[in-house]
Amino acid sequence: MENADSAQSVRVAVNIRPLITPELLIGCTDCISVVPGEPQVQIGSHSFTYDYLYGSTGQSSSAIYDDCVAPLVDALFNAYNATVLAYGQTGSGKTYTMGTDYNGDRSSGGIIPKVMETIFKRVETMKNSTEFCIRVSFIEIFKEEVYDLLDPNVSKGEVTSATKITLPNRVPIQIRETLHGGITLAGVAEPEVKTKEEMASYLSSGSLSRATGSTNMNSQSSRSHAIFTITMEQKKGDDILCAKFHLVDLAGSERAKRTGADGMRLKEGIHINKGLLALGNVISALGDEKKRKEGGHVPYRDSKLTRLLQDSLGGNSKTVMIACVSPADSNAEETLNTLKYSNRARNIQNKATINRDPVAAQVQTMRNQIEQLQAELLFYRGDASGPFDEIQILKHKISLLEASNAELKQELKRQQVTSESFVQRALDAQVERDRLILKIESVRNGNSWDEVDSNSNQDYDLVKSYVSKIQILERELLRLKSPKSMSSSHLVECADYDDDEYGLKDALFNHGDEFPSDCNAKAGELPDMEDDEKELEHSSLQEKLDKELKELDRNLEQKEAEMKLYSNSDTSIIRHHYEKKLLEMEQEKKILQKEIEKLKFNLTNISSTSDDGAQKLKQDYLQKWNSLEAQVSELKKKQEAQTQALKQKQKTDEATKQLQDEIQRIKAQKVHLQNKIKQESEQFRLWKVSREKEVLQLKKEGRRNEYEMHKLLALNQRQKMVLQRKSEEASMATKRLKELLESRRASSRETMGVGGGSGPGVQALVKAIEHELEVTVRVHEVRSEYERQIQESDPKESESSGSDGNRRREGENLEVRWCGLQLLEDANRGSFVSERYA
Ligand SMILES: Nc1ncnc2c1ncn2[C@@H]1O[C@H](COP(=O)(O)OP(=O)(O)OP(=O)(O)O)[C@@H](O)[C@H]1O
Numbered sequence: 001m002e003n004a005d006s007a008q009s010v011r012v013a014v015n016i017r018p019l020i021t022p023e024l025l026i027g028c029t030d031c032i033s034v035v036p037g038e039p040q041v042q043i044g045s046h047s048f049t050y051d052y053l054y055g056s057t058g059q060s061s062s063a064i065y066d067d068c069v070a071p072l073v074d075a076l077f078n079a080y081n082a083t084v085l086a087y088g089q090t091g092s093g094k095t096y097t098m099g100t101d102y103n104g105d106r107s108s109g110g111i112i113p114k115v116m117e118t119i120f121k122r123v124e125t126m127k128n129s130t131e132f133c134i135r136v137s138f139i140e141i142f143k144e145e146v147y148d149l150l151d152p153n154v155s156k157g158e159v160t161s162a163t164k165i166t167l168p169n170r171v172p173i174q175i176r177e178t179l180h181g182g183i184t185l186a187g188v189a190e191p192e193v194k195t196k197e198e199m200a201s202y203l204s205s206g207s208l209s210r211a212t213g214s215t216n217m218n219s220q221s222s223r224s225h226a227i228f229t230i231t232m233e234q235k236k237g238d239d240i241l242c243a244k245f246h247l248v249d250l251a252g253s254e255r256a257k258r259t260g261a262d263g264m265r266l267k268e269g270i271h272i273n274k275g276l277l278a279l280g281n282v283i284s285a286l287g288d289e290k291k292r293k294e295g296g297h298v299p300y301r302d303s304k305l306t307r308l309l310q311d312s313l314g315g316n317s318k319t320v321m322i323a324c325v326s327p328a329d330s331n332a333e334e335t336l337n338t339l340k341y342s343n344r345a346r347n348i349q350n351k352a353t354i355n356r357d358p359v360a361a362q363v364q365t366m367r368n369q370i371e372q373l374q375a376e377l378l379f380y381r382g383d384a385s386g387p388f389d390e391i392q393i394l395k396h397k398i399s400l401l402e403a404s405n406a407e408l409k410q411e412l413k414r415q416q417v418t419s420e421s422f423v424q425r426a427l428d429a430q431v432e433r434d435r436l437i438l439k440i441e442s443v444r445n446g447n448s449w450d451e452v453d454s455n456s457n458q459d460y461d462l463v464k465s466y467v468s469k470i471q472i473l474e475r476e477l478l479r480l481k482s483p484k485s486m487s488s489s490h491l492v493e494c495a496d497y498d499d500d501e502y503g504l505k506d507a508l509f510n511h512g513d514e515f516p517s518d519c520n521a522k523a524g525e526l527p528d529m530e531d532d533e534k535e536l537e538h539s540s541l542q543e544k545l546d547k548e549l550k551e552l553d554r555n556l557e558q559k560e561a562e563m564k565l566y567s568n569s570d571t572s573i574i575r576h577h578y579e580k581k582l583l584e585m586e587q588e589k590k591i592l593q594k595e596i597e598k599l600k601f602n603l604t605n606i607s608s609t610s611d612d613g614a615q616k617l618k619q620d621y622l623q624k625w626n627s628l629e630a631q632v633s634e635l636k637k638k639q640e641a642q643t644q645a646l647k648q649k650q651k652t653d654e655a656t657k658q659l660q661d662e663i664q665r666i667k668a669q670k671v672h673l674q675n676k677i678k679q680e681s682e683q684f685r686l687w688k689v690s691r692e693k694e695v696l697q698l699k700k701e702g703r704r705n706e707y708e709m710h711k712l713l714a715l716n717q718r719q720k721m722v723l724q725r726k727s728e729e730a731s732m733a734t735k736r737l738k739e740l741l742e743s744r745r746a747s748s749r750e751t752m753g754v755g756g757g758s759g760p761g762v763q764a765l766v767k768a769i770e771h772e773l774e775v776t777v778r779v780h781e782v783r784s785e786y787e788r789q790i791q792e793s794d795p796k797e798s799e800s801s802g803s804d805g806n807r808r809r810e811g812e813n814l815e816v817r818w819c820g821l822q823l824l825e826d827a828n829r830g831s832f833v834s835e836r837y838a
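Number 291 in UniProt numbering belongs to position 291 of the sequence shown; there are no gaps in the numbering.
This is the structure we're talking about:
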C-alpha cells in the first residue's frame with residue numbers, strides 16, 4: 001500500500017424520514033427542526049451540526065447519493081476503500097435509505113442500486129484501458145454470528161408466519177485476521193459479477209436470506225447487521241489495484257418496551273443493542289481527541305460488528321455515516337440518542353490509502369528502482385544530459401578546487417625555496433657537529449689540542465667530502481625521481497629510512513632526517529617544470545592550430561556564401577539571355593538600316609519631282625527616317641549597355657572561378673591543418689608515453705642509487721669505527737712501548753751502575769737500537785692489526801662486483817692511507833718519546 005492520503009474524518013449525514021402512516025395514525029408530530037440552508041438540526045434544546053442534512057424541510061433525500069456516496073464510488077475507482085454506514089433506531093429508514101431490500105424493481109430507490117448502476121456505467125467507459133474484476137459478498141451478523149447471505153449450499157429455510165422470521169439453515173463464518181492485521185471471513189462466497197443485473201440478483205437473493213421480523217415499531221424489521229461488499233480489482237498494465245466498498249445496513253437500536261419484544265425477539269434485540277453499544281464505544285474511543293492522541297485502546301474486539309468495521313472506522317477507508325432518524329415526537333428520545341451518537345462519529349479520523357496488490361506494488365517499486373539506477377548509470381557514464389544543475393555545481397566545485405590547487409602549488413614552491421635554505425644550513429650544522437664530535441673523541445683519547453686540531457682538520461675535510469658526495473648523490477637522486485612518483489612513493493620511501501638495516505638515523509652522518517625533507521623540497525620541481533613546459537607548449541600549439549582552423553573555417557564560410565550569391569543566378573542562362581538580346585538588337589538594327597536605305601532611295605526619287613503630293617510624302621519619309629535614326633541610335637546605346645553587361649558577367653564568372661579556386665585552396669589548407677593537429681597530438685601522446693617510460697626507468701634507477709648510497713654510508717660508518725678502534729689500539733701500543741722502553745732504560749742504568757760507566761758512543765748506539773726496535777715493533781703491530789681487520793671484514797663484500805667492488809676498493813685505499821698516516825705519526829711520536837726518555 002502506498003500514496004497515503006492525509007487523515008480525513010468520517011463524514012456524517014442525517015436523514016430525517018417523513019412521518020409514516022403508523023405514526024400519523026397515533027397523532028405523532030414533528031419534533032425536529034432544521035436550520036434553513038445549514039446542515040444543522042434542533043431537537044428540543046439540543047442543536048447539532050453535521051456534514052449533510054436531508055429530509056424534513058431541508059434537502060431532499062434523493063440528493064444523498066450525489067452528495068455523499070458518489071464521491072465514494074470515485075474513491076473506489078481510485079483504489080480507496082469506502083464505507084457507507086446506515087445507523088439509527090429501528091424503523092428510522094435505514095434499509096429504505098440503503099436500498100438493501102432490493103428486489104430487482106428498477107424503480108426502487110436506495111443507495112446500493114445507485115452504486116451498482118454507477119459502477120457498471122463507469123466500467124463500460126473504462127474497459128478499453130483497464131481490466132476489471134468485480135466481486136460481491138453479502139453477509140449478516142445475526143445474534144453475534146456472521147452468516148453468508150450468498151452461500152448457495154444453504155437452504156433458505158422456511159418462513160414461519162408465527163414468528164415472521166426467516167431462519168435459514170446455515171453455518172456461521174469465522175473471522176480471521178491476516179498477517180498484516182486485516183480482517184477476512186473464512187470461506188465467504190465472493191462471486192465475480194460482470195453486469196449490474198448480476199450484482200443486483202445477488203443483492204436481492206441475499207436480502208431475501210436476511211433475518212427480518214415484525215416488531216411493534218417495524219413490520220419488516222431487520223434483525224441483523226447486513227454488509228454488502230463490492231470488491232473491485234483493476235489491472236492497468238502491470239499495476240493491480242484492489243479496493244472494497246462496504247455498504248452497511250445496521251440493525252436498528254430498540255427498546256424492548258416499545259418494540260414489544262419478548263422471547264426470541266428480545267434476545268435478538270439484546271444482541272443488536274450489544275453490537276451497537278460496542279460500535280458506540282469504538283466511535284467514542286476514536287472520537288475522543290485526547291484518547292486518540294494518547295493512543296488509547298479502541299475496543300474493536302468487543303463485537304463482530306466492530307471487528308468487521310475496523311478499517312471503516314479509524315482505518316484505511318473513506319467513510320460516510322448516515323444517521324437515520326424519525327421526526328416523530330414519540331421517538332424524540334431515540335432520535336436524540338442517534339443524533340448524539342452520530343455527532344461523535346464526526347471526530348473519527350480515517351486514513352485512506354490507495355490499495356495496490358502487494359506483488360504489483362513490489363513490481364512497481366522495483367521498476368522505480370531500476371529506472372533510478374538506470375538514470376544514475378547514464379549520469380555516471382556521462383552519456384546522459386544528466387541532472388544539469390548537479391553537473392554545473394560539480395563544475396563550479398572543480399574550478400574552485402583548481403584555483404585553490406594553483407594557490408597551494410605557489411605556496412609549495414615558496415616553501416620549497418625556504419626549505420632548501422634550511423636544509424643547507426642544517427647540513428652545515430651537521431658537518432660542524434660531526435667535526436666537534438670527532439674533536440671531543442680525540443681529546444678524550446688523550447690527544448693534545450694541536451694533534452686534535454690537525455686531526456680535526458683532516459676529519460673535517462673527510463666529513464665535508466662525504467657530505468658533499470652525499471649532496472651530489474641526493475641531487476642526482478632528485479633529478480632521477482619522477483614528479484609523479486614522489487607524491488605516491490614518498491611516504492613509503494621515508495618509511496624505508498626508518499627501517500634501514502644500517503640504522504642510518506643514528507649514524508654519524510645522519511642525513512636520514514634531512515634527506516626526505518630535501519626530497520620533499522625539491523620534489524617535482526625540475527621534472528615537473530619540464531613536463532609542465534612541454535604540456536603548456538603542446539596546449540598552446542594546439543590552441544594556435546585550433547585558432548588557425550577556426551579562421552580557415554570562417555574564411556571558407558565567407559567564400560562559400562559569396563559563391564552562393566554568384567551561383568544563385570545561373571550564369572549560362574544570363575549569358576545566353578544577353579547574347580540572344582544582342583542578336584535580336586543586331587537584327588532589328590539591320591532591318592531599320594534597310595528601311596532607312598529604302599527611305600533614302602525614295603527620298604531621292606521624290607526630290608526630283610516638284611509635285612505637292614510628292615513633297616508631302618517626302619516630309620513623311622523624312623520624319624520616318626528621323627524616327628528610324630533615333631531608334632537605331634537608341635538600339636546602339638542598348639547594344640552597348642548589353643555588351644557592357646556581358647563583359648561584367650564575364651568578370652563575375654572569372655571572380656567566381658577565382659573564388660572556387662580559393663575555396664579549394666582553403667579546403668586543402670584545412671585538411672593539411674587537421675592532419676597537422678592530428679600529427680601533433682600523436683607526437684605529444686608518444687612523447688608522453690616515452691616520458692612516462694623514462695620516468696619509470698629513472699624511478700627505478702633512483703631507487704637503486706639510493707640503495708647504493710645507503711650502503712656507502714654504512715660502509716663509511718664501519719670504516720670510521722675501524723679507524724677509531726685502530727687509533728685506540730695504536731695509542732695502547734705506544735703506551736706499552738713507552739713502558740717497555742722505561743723498563744729497559746732502568747735495567748741499562750742498573751747495568752751501568754754495576755759495570756761502571758760507558759762511553760757516549762755506546763749510549764748513542766743503544767739509543768739508535770732502541771729507536772729502531774720501537775719503530776719495527778710498531779710497524780709490525782699495526783700491520784698485523786690491519787691484516788686482522790681486513791680478514792674480519794664482511795666476506796660478502798669481496799664477492800660483490802661492478803660498482804660495489806670499486807667502491808669497496810676505494811674504501812680500502814682510504815683505510816690504507818689512514819693507517820699509513822697513523823703509522824708515520826706513531827713512529828715519529830715513538831722517536832720523539834725515545835728521544836725524550838733517552
Ligand atoms: N424517506 C422515507 N420516505 C418514506 N418512507 C420511509 C422513508 N424512510 C423509511 N420509510 C419507511 O419507514 C419504514 C421503516 O423503514 P426501514 O425498514 O427502512 O427502517 P429501518 O431503520 O431499516 O428499521 P429496522 O432497523 O427495524 O430494520 C418503512 O415502511 C419505510 O418504507
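Beta carbons: idealized from backbone N, C-alpha and C, even for Gly.
Query: Anticipated Cβ contact below 8 Å, Asp311 with Ser303, distance rounded; Result: No, Asp311 and Ser303 are not in contact; Cβ-Cβ is about 15 Å, not under 8 Å.
Query: Endpoints, the beta strand (DSSP E) within which Glu131 is located; Result: Glu131 to Phe142
Query: Span of the alpha helix (DSSP H) around Asp329; Result: It is not in any alpha helix (DSSP H) - Asp329 carries neither H nor E in the DSSP assignment.
Query: Tyr102 beta carbon less than 8 Å from that of Ala189; Result: no
Query: heavy atom of ligand 1 below 7 Å from Arg170 C-beta; Result: no
Query: For Ile596 and Glu629, the rounded distance between their alpha carbons; Result: 8 Å
Query: The alpha helix (DSSP H) enclosing Gly206, as first and last residue numbers; Result: Lys196 to Ser209
Query: Chain D contact for Ile20 (CB, 8 Å cutoff); Result: Of the protein chains in this structure there is only one, and it is not chain D.
Query: Ser204 beta carbon near ligand 1 (any heavy atom closer than 7 Å); Result: no
Query: Limits of the beta strand (DSSP E) - the one that Tyr54 falls within; Result: Tyr52 to Gly55
Query: Closest by C-alpha distance to Thr306, when choosing among Asn273, His180 and Glu376; Result: Asn273
Query: Proximity of Asn15 and Ser61 at Cβ, strictly below 8 Å; Result: yes
Query: Selected residue, minimal CA-CA separation from Lys121, among Val136, Pro152, Val73 and Leu286; Result: Val73
Query: Gly237 burial status per 10 Å Cβ neighbour count (16 or more: buried); Result: exposed
Query: Which of helix, strand or coil DSSP assigns to Arg433; Result: helix
Query: Minimum length 3: unbroken beta strand (DSSP E) runs contained in the region 641-716; Result: none
Query: Residue environment, His672, which counts as buried when at least 16 other CB atoms sit within 10 Å; Result: exposed
Query: Secondary structure of Arg170, DSSP reduced to three states; Result: coil
Query: Gly181 Cβ short of 7 Å to ligand 1 heavy atom set; Result: no
Query: Gln42 versus Ser284: straight-line alpha-carbon distance, rounded; Result: 22 Å
Query: Cβ-heavy atom distance, Gly275 to ligand 1, below 7 Å; Result: no
Query: Close beta carbons around Gly58, own chain, < 7 Å, minus the five adjacent residues each side; Result: Val34
Query: DSSP state of Gln310 mapped onto helix, strand, coil; Result: coil
Query: Tyr96: CB within 7 Å of a non-hydrogen atom of ligand 1; Result: yes
Query: Gln724 versus Arg435 - alpha carbon distance; Result: 14 Å
Query: Bridge-paired residues (DSSP) for Gly88; Result: Cys324
Query: Cβ-heavy atom distance, Ala251 to ligand 1, below 7 Å; Result: yes
Query: Proximity test, Gly280 beta-carbon vs ligand 1 heavy atom, cut-off 7 Å; Result: no
Query: Which of helix, strand or coil DSSP assigns to Ile64; Result: helix
Query: Three-state secondary structure assigned by DSSP to Lys235; Result: strand
Query: Neighbourhood of Thr130 by C-beta distance below 6 Å, restricted to the same chain and skipping five residues each side; Result: Gln234 and Lys236
Query: Reduced DSSP category for Arg223 - H, G, I as helix; E, B as strand; rest coil; Result: coil
Query: Distance cut-off 7 Å: Thr57 Cβ against heavy atoms of ligand 1; Result: no
Query: Thr353 (DSSP reduced to helix, strand or coil); Result: strand
Query: When Glu772, His576 and Phe684 are compared against Glu537, the one with the closest alpha-carbon; Result: Phe684
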